[in-house]
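Notes for the one structure printed next.
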Amino acid sequence: MAYPEKYKYTREHEWIEVAGSVGTVGITDYAQNSLGDIVFVDAPKVGTKVEKGSAFGSVESVKAVSDLYSPVTGTVTGVNEELATSPEKINTDAHSSWIIKVELSDPSELDALLSAEEYEKFTAEETGK
Amino acid sequence: MATTDGFVGTMRKVTAHLTQNEGLSFEKSSPGKKGYRLAPLDVPEVDAAALLGGAVRDDVGALPELSEIEIIRHFTRLSTWNYAIDLGMYPLGSCTMKYNPRVNELVSRLEGIAEAHPYQPESLSQGALEIVKLLQDCLIEITGMDAITLQPAAGAHGEFTGILLARAYHQSKGNARKTVIIPDSAHGTNPATAASCGYQVINLKSNAQGGVDVAALAQIVNEDTAAMMLTNPSTIGVFENEIHKIADVLHDKGALLYMDGANMNALVGKTRPGDFGVDVMHLNLHKTFSTPHGGGGPGSGPVACKKILEPFLPSPVVAQGEDGLLHWNYDRPKSVGRVRMLYGNFGMFVRALAYTLANGPDGLRQTTEDAVLNANYIRKKLEDVYELPYTTPSMHEVVFSDKRQVKNGVKTGDIAKRLIDYGFHPYTTSFPLIVPGALMIEPTESESREELDLFVDAMRQIAREVEENPQVVITAPHATRISRLDETGAARKPVLRWKGPPEDAVEVDTPAKEW
Amino acid sequence: MRYLPKSDAERAAMLREIGASSIDDLFTAIPEEYRLTRDLKVPRQMGESEIIDYFKAAAAKNANGYTSFLGAGMYRHYRPVVIDSLVQRGEFLTSYTPYQAEITQGTLQAIFEFQTMICELTGMDIANASMYDGSTGAAEAVMMAVRITGRDGVLVARTMHPEYREVMHTYAQHQGHDAREVGYGQDGRIDLAALEKAVTDEIACVLVQSPNFFGVIEDIPEIAEIAHKKGALLIVSVAEAVSLGIVQPPVEADIVSMEAQSFGVALSYGGPYCGVLAAKEKYLRQMPGRLVGETKDTEGRRGFVLTLSTREQHIRREKATSNICTNQALVALMTTIFLTVYGKQGMRDLAVQNLAKAKYAADTLGAQGKLLFAGTPRFHEFVLQTDEDPEQLSARLLESKIIGGLALRKWYPELGNATLWCATELTTRKQIDAAASVLADAPVAAEAR
Numbered sequence: 006m007a008y009p010e011k012y013k014y015t016r017e018h019e020w021i022e023v024a025g026s027v028g029t030v031g032i033t034d035y036a037q038n039s040l041g042d043i044v045f046v047d048a049p050k051v052g053t054k055v056e057k058g059s060a061f062g063s064v065e066s067v068k069a070v071s072d073l074y075s076p077v078t079g080t081v082t083g084v085n086e087e088l089a090t091s092p093e094k095i096n097t098d099a100h101s102s103w104i105i106k107v108e109l110s111d112p113s114e115l116d117a118l119l120s121a122e123e124y125e126k127f128t129a130e131e132t133g134k
Numbered sequence: 187m188a189t190t191d192g193f194v195g196t197m198r199k200v201t202a203h204l205t206q207n208e209g210l211s212f213e214k215s216s217p218g219k220k221g222y223r224l225a226p227l228d229v230p231e232v233d234a235a236a237l238l239g240g241a242v243r244d245d246v247g248a249l250p251e252l253s254e255i256e257i258i259r260h261f262t263r264l265s266t267w268n269y270a271i272d273l274g275m276y277p278l279g280s281c282t283m284k285y286n287p288r289v290n291e292l293v294s295r296l297e298g299i300a301e302a303h304p305y306q307p308e309s310l311s312q313g314a315l316e317i318v319k320l321l322q323d324c325l326i327e328i329t330g331m332d333a334i335t336l337q338p339a340a341g342a343h344g345e346f347t348g349i350l351l352a353r354a355y356h357q358s359k360g361n362a363r364k365t366v367i368i369p370d371s372a373h374g375t376n377p378a379t380a381a382s383c384g385y386q387v388i389n390l391k392s393n394a395q396g397g398v399d400v401a402a403l404a405q406i407v408n409e410d411t412a413a414m415m416l417t418n419p420s421t422i423g424v425f426e427n428e429i430h431k432i433a434d435v436l437h438d439k440g441a442l443l444y445m446d447g448a449n450m451n452a453l454v455g456k457t458r459p460g461d462f463g464v465d466v467m468h469l470n471l472h473k474t475f476s477t478p479h480g481g482g483g484p485g486s487g488p489v490a491c492k493k494i495l496e497p498f499l500p501s502p503v504v505a506q507g508e509d510g511l512l513h514w515n516y517d518r519p520k521s522v523g524r525v526r527m528l529y530g531n532f533g534m535f536v537r538a539l540a541y542t543l544a545n546g547p548d549g550l551r552q553t554t555e556d557a558v559l560n561a562n563y564i565r566k567k568l569e570d571v572y573e574l575p576y577t578t579p580s581m582h583e584v585v586f587s588d589k590r591q592v593k594n595g596v597k598t599g600d601i602a603k604r605l606i607d608y609g610f611h612p613y614t615t616s617f618p619l620i621v622p623g624a625l626m627i628e629p630t631e632s633e634s635r636e637e638l639d640l641f642v643d644a645m646r647q648i649a650r651e652v653e654e655n656p657q658v659v660i661t662a663p664h665a666t667r668i669s670r671l672d673e674t675g676a677a678r679k680p681v682l683r684w685k686g687p688p689e690d691a692v693e694v695d696t697p698a699k700e701w
Numbered sequence: 049m050r051y052l053p054k055s056d057a058e059r060a061a062m063l064r065e066i067g068a069s070s071i072d073d074l075f076t077a078i079p080e081e082y083r084l085t086r087d088l089k090v091p092r093q094m095g096e097s098e099i100i101d102y103f104k105a106a107a108a109k110n111a112n113g114y115t116s117f118l119g120a121g122m123y124r125h126y127r128p129v130v131i132d133s134l135v136q137r138g139e140f141l142t143s144y145t146p147y148q149a150e151i152t153q154g155t156l157q158a159i160f161e162f163q164t165m166i167c168e169l170t171g172m173d174i175a176n177a178s179m180y181d182g183s184t185g186a187a188e189a190v191m192m193a194v195r196i197t198g199r200d201g202v203l204v205a206r207t208m209h210p211e212y213r214e215v216m217h218t219y220a221q222h223q224g225h226d227a228r229e230v231g232y233g234q235d236g237r238i239d240l241a242a243l244e245k246a247v248t249d250e251i252a253c254v255l256v257q258s259p260n261f262f263g264v265i266e267d268i269p270e271i272a273e274i275a276h277k278k279g280a281l282l283i284v285s286v287a288e289a290v291s292l293g294i295v296q297p298p299v300e301a302d303i304v305s306m307e308a309q310s311f312g313v314a315l316s317y318g319g320p321y322c323g324v325l326a327a328k329e330k331y332l333r334q335m336p337g338r339l340v341g342e343t344k345d346t347e348g349r350r351g352f353v354l355t356l357s358t359r360e361q362h363i364r365r366e367k368a369t370s371n372i373c374t375n376q377a378l379v380a381l382m383t384t385i386f387l388t389v390y391g392k393q394g395m396r397d398l399a400v401q402n403l404a405k406a407k408y409a410a411d412t413l414g415a416q417g418k419l420l421f422a423g424t425p426r427f428h429e430f431v432l433q434t435d436e437d438p439e440q441l442s443a444r445l446l447e448s449k450i451i452g453g454l455a456l457r458k459w460y461p462e463l464g465n466a467t468l469w470c471a472t473e474l475t476t477r478k479q480i481d482a483a484a485s486v487l488a489d490a491p492v493a494a495e496a497r
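Chains as they are written, first to last, in the numbering used here: chain A, 6 to 134; chain B, 187 to 701; chain C, 49 to 497.
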């Protein structure tokens, strides 16, 4: 699956789409594919402070748990409630199944994130290992 | 089985036979049936509502109502759906599925033992206390340690207790310290335990032989290290031959060596942890000492320690009084406290002691030797078809990987499922984590050469199926009551209890309707 | 050694095939200085008859043929014969944790039935596959409440079993929890006014036992209201599971922790018993221990699996909800069979008999002393205060082969010469009358005053 050009990516396999001062965060297709069937998404509550590079939640498959790392620092303003009952949405379309929305406190943090092209190269290297 | 072209192995150990269908007890229930009869009441009847007032319960809920014969059949039918040691080899690595002697069961049910109330006077509990004392003495001798508590209810509970002892020890020196070092090959209970005792876990990467890298260890041990938790033999079945150096490195910095005794069955009568530098360890009576696994418990996890840790043992401890009787001593000012009510899983002590008495010193040693012999025999017979990631000498278990089979799209979990068709319980899959695609095989001493040969034959035939007909392995098991279950569905929409017949339930055809 | 299925000739042949010259070749990884070259100093190998003789002799030194009024968290109830005959089937006894669902459906379905029965009995939505026992179960429930609320204050009723409280303190002290106890009032129940004062925004949970250690039934709806007002959870511990046959279940609780020993499990000098954790559905993800769920196989047939295992130590390691690994599967099976035998009607009948026996015992023995907390509803235990010192009383009762009530001074010095008595369906009127007549013969208690 192609990685949307308008998103930015982390090396921990999250994507973020920024509109104004709000970032929308999810996990990449590569991440959902390596996790397998996702059965549960543990997302924070609205109002939680998240920090760039720190875990804000986790996604679970039947036999694995993977922490979610925030691409940016800020405050959670929205949580995708749909995932609570239908976590499989991430498997069917990872790039449109957002997990949280974050009010950015430092938009300059985005500069350090990967572009779609860089991320794709990064995953190719990981797979190559 | 769906016939496919290509090689399909010959099952020599098993023949498929019918098993009975059986619904849930709730589905079989009908009001008015009874499986009990109480003795007539010999005291005046009471009005429950009057006695309990608002606390009286009107409806006990949907418990089943069945007669005795139905109950016997219900659970007997369920039992036939289980595999068990009593049916054959159960090579679940690290679980030590050995024979559970029946005399153990008999003696644990003797009236004076089974009916003993834990609070009955000590003068009327001397038999129970003697059993505790003798088992303690035997376990202290077997481990080479100085003191022991039998209170922990299971292995993980023993780990918790052992790390609490370490913590209390450090605390008594003024600093509880901050970290516990755990190799990446460790069982998941180790890091979970350290965390629940308030320690930060430091992971130690294993060396190329799958063992502890002593030089790397020396670099990370410091004054913050409370202890290292080490399984020996390790989870790949290898004895840490530098164990004394490991102990020295830790002791030099005032840290303690905790040994996870899950694999003690490889050592009994051949070497003693107390002699090679271990400060505190737990034992799993349901592994090394033959108490039954019972479908997942009860266990029992005694913790043995060196003298320096003795003052901190959970309260109470057994002591001989001036009156010549055995007592529970509660006067333990430095104790970590209780980790469980009462004295531990006493019924398991009885069984473990019966096992020890049945063996004696010669039997215990021979048991260890046979367990190691069996594992090495399997290793020798399979190492040409399955990848051996570590070639260091094996003790009581051998760990292969699915590296060669993965090329044909078959993983350890598939081979495990196929083994079921051949009449065996699978080995442990995907553990330890340091071996990708692990097949962890622990035969125990309880297998005859004939049974081992059948297992080897099954594993070799499966290896051939993987080469010539992988589909038959990937879709296994084929001969069981049910096929692979939808674990994803179970986790996404958990159904954890019966909630009555579905509202849209249609009545199914019953034989009675046919005539 | 009769458990080992090999002749020496077979051992030698196997060694040859491995390429080892002797068994010691396989132990060379053990440094020489640590190899044990002597026999272990344990008793010599015994014949089966000798083993039985040893344990019979030990059993004979324990109380035999005594009438017992002991309860205090461990109860003597009738254990239907079918329980033992069924759990001794090798397929239950010698199987392990049902990781491989295709060949462990028996254990899995039985656990699913167990989880269902526990939910029915406790009024909770979900129950796990069992914990070690009631005391560790209560401690795990507290940790669960701390995780859920993100608070670390814990309030425990002093009317809770003293040993449960000790275990809870052991667990709590290393988690940095601030655990405090709340006293009891004249009625033998938790002091509601003190509780109300103690519950603050920092409190994660209130932990009470009902029926409590004195046998008294706590006012659960009232306690729940006090706890919930401040956002704290209520954990109710049930040490006498048979009470649920006639006592209202703690439906107002958030978590119920239960000791199910009463359901057909031998006293066995303290274990193994069977802890149970049940909770409201919303706390599922924070529940420790194993869970069995219903699902379907590839052909659409119903089957059961261990599920939601990502909460557990073998996956989450240091972030697990608990380090618990084994459960008490075989003991949980015993309790499941017990509940199937008694069923809906039987559980009620059984509980009512217990109520009746205890009422008679409390009236009869109470006439020989002072019945404490007499006006409060209780199940099958009661506290008796005597002029006579409990030790003297106990000694006199033992002369009549009666083990009397448990002296409470050790834990509740303020209650003086108080003893805790229990009567179950197995206690006979004759036994109660006999105990009462020993009590009535009390020597003039001048020295006890």
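All residues carry an ideal CB built from backbone N, CA and C; glycine is no exception. What you are looking at is a predicted structure, and each value in this text was computed from that prediction instead of being measured.
Which residues share a DSSP beta bridge with C:D226?
C:G201
Using CA atoms only, rank isn't needed, just tell me which of B:S587, B:Q306, B:M581, B:V558 is closest to C:L52.
B:V558
In terms of DSSP beta bridges, what is C:K344 paired with?
C:R350
B:E473 to B:M534 span [Cα, whole Å]:
Checking the displayed sequence, the identity of residue 473 of chain B turns out to be Lys instead of Glu. Distance between the alpha carbons of B:K473 and B:M534 is about 11 angstroms.
Can you tell me where the beta strand (DSSP E) holding B:V652 begins and where it ends?
Note, B:V652: premise wrong, no beta strand (DSSP E); alpha helix (DSSP H) at 635-654.
Nearest CA to the CA of C:E98: which residue from B:R295, B:N545, B:I367?
B:N545
What do you get for B:H582, buried or exposed, if any count of 16 or more other CB atoms within 10 angstroms of its CB means buried?
buried
Interface residues of the region 32-50 of chain A facing chain B [CB-CB below 9 angstroms]
G41, D42, I43, V44, F45
C:T155 lies in the beta strand (DSSP E); which residues open and close that run?
C:T155 -> not in any beta strand (DSSP E); alpha helix (DSSP H) instead, spanning 153-170.
According to DSSP, simplified to helix, strand and coil, what is C:R497?
Residue placement at C:R497 is poorly supported in this model, since its pLDDT is 42, which falls under 50; the coordinates still yield a value, given next. Note: C:R497 maps to coil in three-state DSSP.
My guess is that C:L456 and B:E301 are in contact by the Cβ rule of under 8 angstroms, so how many angstroms apart are they, rounded?
About 23 angstroms separates the two Cβ atoms, so there is no contact after all.
Mapping the DSSP letters down to three states, classify A:K134 as helix, strand or coil.
Note that A:K134 scores 46 on pLDDT, short of 50, meaning its location in the model is unreliable and no value can be drawn from it.
Contiguous alpha helix (DSSP H) assignments of at least 4 residues, all confined to the region 203-291 of chain B
211-214, 234-238, 254-265
Between A:E131 and chain B, is the shortest Cβ-Cβ distance under 8 angstroms, so that the two count as touching?
no
Taking only beta-carbon positions, decide if A:A117 is within less than 8 angstroms of chain C.
no
Once the 5 residues before and after A:G49 are set aside, which same chain residues still bring their CB inside 6 angstroms of it?
In the sequence as displayed, the identity of residue 49 of chain A is Pro instead of Gly. Answer for A:P49: F61, G62, V81, listed in chain order.
What three-state label does DSSP hand C:E307 in the structure shown?
strand
B:L443 and B:T335: beta carbons closer than 8 angstroms?
no
Tell me, to the nearest whole angstrom, how far the beta carbon of C:I480 is from that of C:Y408; I am working on the premise that it is less than 8 angstroms.
6 angstroms
Nearest CA to the CA of B:L325: which residue from B:T205, B:A538, B:S215?
B:A538
Since C:S357 meets chain A, which of its residues come closer than 8 angstroms, beta carbon to beta carbon?
V67, K68
Alpha carbon to alpha carbon, how far is B:S216 from C:F262?
37 angstroms
Using the DSSP secondary-structure output, state which residues sit across from A:V46 in a beta bridge.
A:V64
Helix, strand or coil for B:A188 per DSSP?
Per-residue confidence for B:A188 stands at a pLDDT of 48, beneath the threshold of 50, marking its modelled position as unreliable; no derived number is given.
Going by beta-carbon coordinates alone, are B:I601 and B:V658 separated by less than 8 angstroms?
no
Answer yes if the region 439-457 of chain B comes into contact with the region 414-429 of chain B, meaning at least three C-beta pairs across the two stretches below 8 angstroms, and no otherwise.
yes
Over the uninterrupted alpha helix (DSSP H) stretch that includes B:N515, give me the two end residues.
Here B:N515 belongs to no alpha helix (DSSP H); instead the beta strand (DSSP E) covers 512-515.
Going by the beta-carbon positions, is the gap between B:N268 and C:T155 smaller than 8 angstroms?
yes
Taking 8 angstroms as the threshold (beta carbon to beta carbon), is B:T375 in contact with chain A?
no
I'd like to know whether the C-beta of C:Y460 is nearer than 8 angstroms to at least one C-beta of chain B.
no
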